[in-house]
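For the sequence shown, the numbering used here gives the first residue as 3, with consecutive numbering after it. In what follows, a single structure is set out as structure tokens and then discussed.
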Amino acid sequence: RRRGAEVSPRADPRRFATRGTPRSLTSSTTVSEAPAMAICCCANVGQAIEVWDIPPEPDQDSPSRMTQLDRNKTREGGQNTEQGGGSVSVEFKVGAVTVEPNQPLGLELLHSAAHDMVIISSVAPTGPWATWNETHPDHRVQVCDRIVEVNGRPGGYSEIVAEMTTRMARSRATWMVIRRPVENRMRVAKLEGDSIGLVLIASDTGVFIDAVSEGGLAEAWNRKQRRKVKSLDQLVEVNQKRGDPKVLLEAMQEETGDLELVFLTHL
Numbered sequence: 003r004r005r006g007a008e009v010s011p012r013a014d015p016r017r018f019a020t021r022g023t024p025r026s027l028t029s030s031t032t033v034s035e036a037p038a039m040a041i042c043c044c045a046n047v048g049q050a051i052e053v054w055d056i057p058p059e060p061d062q063d064s065p066s067r068m069t070q071l072d073r074n075k076t077r078e079g080g081q082n083t084e085q086g087g088g089s090v091s092v093e094f095k096v097g098a099v100t101v102e103p104n105q106p107l108g109l110e111l112l113h114s115a116a117h118d119m120v121i122i123s124s125v126a127p128t129g130p131w132a133t134w135n136e137t138h139p140d141h142r143v144q145v146c147d148r149i150v151e152v153n154g155r156p157g158g159y160s161e162i163v164a165e166m167t168t169r170m171a172r173s174r175a176t177w178m179v180i181r182r183p184v185e186n187r188m189r190v191a192k193l194e195g196d197s198i199g200l201v202l203i204a205s206d207t208g209v210f211i212d213a214v215s216e217g218g219l220a221e222a223w224n225r226k227q228r229r230k231v232k233s234l235d236q237l238v239e240v241n242q243k244r245g246d247p248k249v250l251l252e253a254m255q256e257e258t259g260d261l262e263l264v265f266l267t268h269l
């Protein structure tokens, strides 16, 4: 185990880390004006997180109806708890929304080449998707949703990002297929000076894993688990404490003894 964990600011104001070596790095894609602050817990910082401005999507026809794609008949909008059991995932279409020329979508994204996925890290209070959320409460676009398809074009993270960065000179309708996350729990015994071994990205809307460090408690946990803690998982609970990202980070760094962390993850 790594000992002597400490959190300290680094060169990039959005990220800081404790000791260890991260295995992989995610990138953040900003589609709104709100900047993301990144915070890392347990690993030396590698490259700085790249922040991109995403212009609106290309012109597409509006889908004729909301199509529920869940094949497991799980209730939409909720989170599913997974502790090594079967796979449960919910996918459905959202949109179409009308995007005006040069209008921001009001989304912030994180994407990982290692896991070939794009997730939503923030939904701005204004914009096309904020309006959608107000009028479709049962099919809201939420933080930690995974974007599976954009405007009928499925693909990995690079195809999705490319589709979302295509500029159009006129209004267009756009829609997505999104996948809800499930919950995953990590239970470890943290002694004084132990490093959990997670590089984290934090903003006002959530705390996400950027990388799992070598030599930390998380890596040791992953070696014994079928469902591993990984990049782009969102930390939502520390020892039954939920809510403010600052509260979660403080609890993660300061508490010792039995530690239970709850993440939202994608299978």
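Where is the CB? At the ideal position from N, CA and C, for every residue including glycine. Note that the coordinates shown come from a computational prediction; the quantities given were computed from them, not determined experimentally.
Can you give the beta carbon distance from residue i to residue j, rounded, assuming they're within the 8 Å contact cut?
{"i": "V152", "j": "E136", "result": "Not quite, the Cβ-Cβ distance comes to about 21 Å (not below 8 Å), so this is no contact."}
{"i": "S114", "j": "S205", "result": "The pair is not a contact, with the Cβ atoms about 16 Å apart (cut-off 8 Å)."}
{"i": "W134", "j": "V143", "result": "7 Å"}
{"i": "K192", "j": "T128", "result": "41 Å between Cβ atoms; not a contact."}
{"i": "L209", "j": "Q242", "result": "Sequence check: residue 209 is Val here, not Leu. The Cβ separation is near 16 Å, so there is no contact."}
{"i": "V99", "j": "W131", "result": "6 Å"}
What is the DSSP secondary structure of residue i, reduced to helix, strand or coil?
{"i": "L193", "result": "coil"}
{"i": "K226", "result": "coil"}
{"i": "D55", "result": "With a pLDDT of only 35 at D55, under the threshold of 50, the placement of this residue in the model should not be trusted, and no figure is reported."}
{"i": "A171", "result": "coil"}
{"i": "V163", "result": "helix"}
{"i": "P156", "result": "strand"}
{"i": "V96", "result": "strand"}
{"i": "I180", "result": "strand"}
{"i": "N186", "result": "strand"}
{"i": "L261", "result": "strand"}
{"i": "V90", "result": "coil"}
{"i": "L269", "result": "coil"}
Let me make sure I understand the geometry here. Which of the options has the alpha-carbon closest to that of residue i?
{"i": "I162", "options": "T128, P127, R148, A171", "result": "R148"}
{"i": "V120", "options": "Q255, A191, D212, S173", "result": "D212"}
{"i": "L200", "options": "E194, A220, V209", "result": "A220"}
{"i": "A222", "options": "E256, D196, R182, Q255", "result": "D196"}
{"i": "D107", "options": "E93, A126, S91, V90", "result": "In the sequence under discussion, the amino acid at residue 107 is Leu, which differs from the Asp named in the question. With distances taken between Cα atoms, L107 lies closest to A126."}
Does the stretch 258 to 269 come within contact of the stretch 179 to 195, defined as at least 3 CB pairs closer than 8 Å? Judged by Cβ distances under 8 Å, the stretch 258 to 269 makes contact with the stretch 179 to 195, as three or more pairs qualify.
Whole alpha helix (DSSP H) runs in the stretch 107 to 154 with 4 or more residues, listed along the chain? Fully enclosed alpha helix (DSSP H) runs of 4 or longer: 130 to 137.
Please list the segments of the beta strand (DSSP E) lying wholly inside the stretch 204 to 256, counting only runs of 3 or more residues, in order along the chain. Taking only runs of at least 3 residues, the beta strand (DSSP E) segments lying wholly in the stretch 204 to 256 are 208 to 214, 236 to 240.
For the 8 Å Cβ check, are there 3 or more pairs between the stretch 168 to 181 and the stretch 89 to 108? A contact exists between the stretch 168 to 181 and the stretch 89 to 108.
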